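According to full-length UniProt numbering, the sequence shown holds residues 1 to 417 in order. All residues carry an ideal CB built from backbone N, CA and C; glycine is no exception. Nothing here was measured: the structure is a model prediction, and the numbers come from that model.
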Amino acid sequence: MLVSLTIHNFLDADRLMSSSIVQQSNSWDRFKISWTGFLIILGGSDTYGPFFDLVSTFGLKHNPHDEGLSGFTYRVNSVIGKQLSYELCYNVQYVERHGRMDEYPWSFRNVALYQKFDEKNSTSRWILLQPPRKLKTALKNLFENTHDSHERTRQNFLLIHLLICLITEAGWRPFIADLEKEIDTLNDKALFSRVGRLAKFDYSVEFSDTQKLEQIRQRIIRASSAVNTSIRLPAGLKSILERFETTECRETDSTLLPELNMYLSRLESHRVSLQRLLQVAEGTMTLLLQILDFRHDEAINQNAIATRNLLSATHHENELMTVIARGTQRDSRTMKIVAFIAMIYLPATLVASIFNSEIVSIANGQETETTRIQIIASFSITTFLLTALTIVGAMIWDKGGFPVSMLRGRSSNSSSL
């Protein structure tokens, strides 16, 4: 069963050209084709072996693994006079915007191509795996408008590969520009932040900044690897062109060679830009880590100073408490002395108070010169009664008499309620 498979066959009196495009629903999914159907479009199981290595880089994935395999390989099967037969395959890694708003806007993509050309039988077979949308449109227009002879087929050889090169290269410049903007934001923090303690209006440097920069650095490394492998493609195509011995072919292909050289020059420019960004990212990472280290040391120093100040304040407070305790001790000794003095003078003071009150009156006799002390009768009676009641109450309480049992009964009744 073939799903999402596009096959174009163009037949004229001289040759047969066929192109097959095999798609995935997304770049990490399986190809929408069965193994039997895939062998059919390959023309049998004896297809060029390195192409299957490139096919294995596609398929179901849960993380970006085995994406470093890339290259350009070819073999010449026969050269009979001016008739050439060859096979070639390669893959190109490129970047493309995926359009999802909640993620990083760029994705690394992969397109693979297999071509088998037989000039003797006038056949040319093209198989593309997961080409970008623009490339599919351009190839469709090219194949549908191709009605020429062998020499035109040779021109199409370079034209089709040149289309693949130029379309996949178009995303590198805006991708590198976005990387540069991200690095500039973090680079400003690294270059213009104060070293040491964070100021009020200073840049906020956090560990998450180094994590972001490391993600950018890994993207740069991956992009550099993709660009470096793409640079090998023009050299491989030129080596095949040298195998064409027809003069007309060389003249026709020579019109497209400047475009191929321009593609190579632009890739070299991207490679230099990525190397520069990688160096800037590494320098920015070093500065950010040093700023974090300085601020960490400053924070530790400030904490140590605050701890020392706290210990000093605690020590000062302990000294004040000691002074207060000593003052309290001195005051207690003074109070003891005052109490002792008061105890000594209390009887005399009490007697003086009694005599100064109306409880005791001093009467002077008229018949004699003697003086009599008279105690008011009501005071003596009241004093005697209160003393007697106190003694009786204490005796009853001690023996557990009626008042105590009555109090216990009342307490038990209240508790039961």
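Item to check | Three-state secondary structure (DSSP) of residue 57 | outcome: coil
Next on the checklist: What does DSSP give as the partner residue(s) for residue 91 in the beta ladder?
Outcome noted: 112
Checklist entry - Can at least three beta-carbon pairs, one atom from the stretch 299 to 316 and one from the stretch 201 to 215, be found at a separation below 8 Å? => result no
Item to check | Under the three-state DSSP convention, the category residue 242 falls into | outcome: Under the three-state reduction of DSSP output, residue 242 falls in the coil class, being neither helix nor strand.
Checklist entry - Going by Cα to Cα distance, which pick from 281, 230, 317, 125 is closest to residue 21? => result 125
Checklist entry - Between residue 399 and the rest of its own chain, which residues show a CB-CB distance below 6 Å, the 5 nearest in sequence each way excluded? => result none
Next on the checklist: Between the stretch 255 to 264 and the stretch 217 to 224, can you find at least three pairs of beta-carbon atoms closer than 8 Å?
Outcome noted: no
Checklist entry - My guess is that residue 89 and residue 51 are in contact by the Cβ rule of under 8 Å, so how many angstroms apart are they, rounded? => result 4 Å
Checklist entry - Relative to the alpha-carbon of residue 35, which residue among 25, 48, 55 has its alpha-carbon at the smallest distance? => result 55
Next on the checklist: Let me check one thing: in DSSP terms, what residues is residue 24 bridge-paired to?
Outcome noted: 31
Checklist entry - Just the Cα atoms here: how many angstroms apart are residue 280 and residue 183? => result 8 Å
Item to check | Contact between the stretch 233 to 244 and the stretch 213 to 220 (3+ Cβ pairs under 8 Å) | outcome: no
Item to check | Alpha-carbon spacing of residue 230 relative to residue 265, whole angstroms | outcome: 12 Å
Item to check | One or two residues paired with residue 76 in a DSSP bridge | outcome: 86
Checklist entry - Are there 16 or more other CB atoms within 10 angstroms of the CB of residue 58, so buried, or fewer, so exposed? => result Buried is the label assigned to residue 58, since at least 16 other Cβ atoms lie within 10 Å of its Cβ.
Next on the checklist: Looking at residue 112: is its Cβ nearer than 8 Å to the Cβ of residue 135?
Outcome noted: Contact: no.
Item to check | For residue 97, the three-state DSSP class (helix, strand or coil) | outcome: Residue 97 falls in the strand class under three-state DSSP.
Next on the checklist: Taking a contact to mean a Cβ-Cβ separation below 8 Å, would you say residue 116 touches residue 87 in this structure?
Outcome noted: yes
Checklist entry - Across which residues does DSSP place residue 129 in a beta bridge pair? => result 22, 112
Item to check | Nearest neighbour of residue 289, chosen from 159, 211, 91, 140 [CA to CA] | outcome: Per the C-alpha coordinates, the member of 159, 211, 91, 140 positioned closest to residue 289 is 211.
Checklist entry - How would you label residue 169, buried or exposed, when you count the other beta carbons within 10 angstroms and need 16 or more for buried? => result Buried, since its Cβ has 16 or more Cβ neighbours within 10 Å.
Next on the checklist: Relative to the C-alpha of residue 424, which candidate in 72, 25, 395 has its C-alpha closest?
Outcome noted: Here the chain has residues from 1 to 417 only, and residue 424 is not among them.
Checklist entry - Around the C-beta of residue 337, are 16 or more other C-beta atoms found within 10 angstroms, so that it is buried, or is it exposed? => result By the 10 Å Cβ count, residue 337 comes out exposed.
Item to check | Status (buried if at least 16 other CB within 10 Å, exposed otherwise) for residue 39 | outcome: exposed
Checklist entry - What residue does the alpha helix (DSSP H) around residue 177 start on, and which one ends it? => result Looking at the DSSP string, the run of the alpha helix (DSSP H) that includes residue 177 is 172 to 192.
Item to check | Distance between residue 110 and residue 93 (C-alpha atoms, nearest Å) | outcome: 5 Å
Next on the checklist: For residue 283, tell me which candidate among 189, 269, 310 has the shortest Cα-Cα distance.
Outcome noted: 189
Checklist entry - Looking at residue 159 and residue 267, is the spacing between their C-beta atoms short of 8 Å? => result no
Checklist entry - Are there 16 or more other CB atoms within 10 angstroms of the CB of residue 193, so buried, or fewer, so exposed? => result Using a 10 angstroms sphere on the CB of residue 193, the tally of other CB atoms reaches 16 or more, which defines it as buried.
Checklist entry - If we count the other Cβ atoms within 10 Å of its Cβ and call it buried at 16 or more, is residue 273 buried or exposed? => result By the 16-neighbour rule on beta-carbons within 10 angstroms, residue 273 is buried.
Item to check | 6 Å CB neighbourhood of residue 163 in its chain, flanking five on each side removed | outcome: Answer for residue 163: 138, listed in chain order.
Checklist entry - Assuming residue 91 and residue 85 make a contact with CB atoms under 8 Å, what is their CB distance in whole Å? => result With a Cβ gap of about 23 Å, residue 91 and residue 85 do not count as contacting.
Checklist entry - So, is residue 174 buried or exposed, given that buried needs 16 or more other C-beta atoms within 10 angstroms? => result exposed
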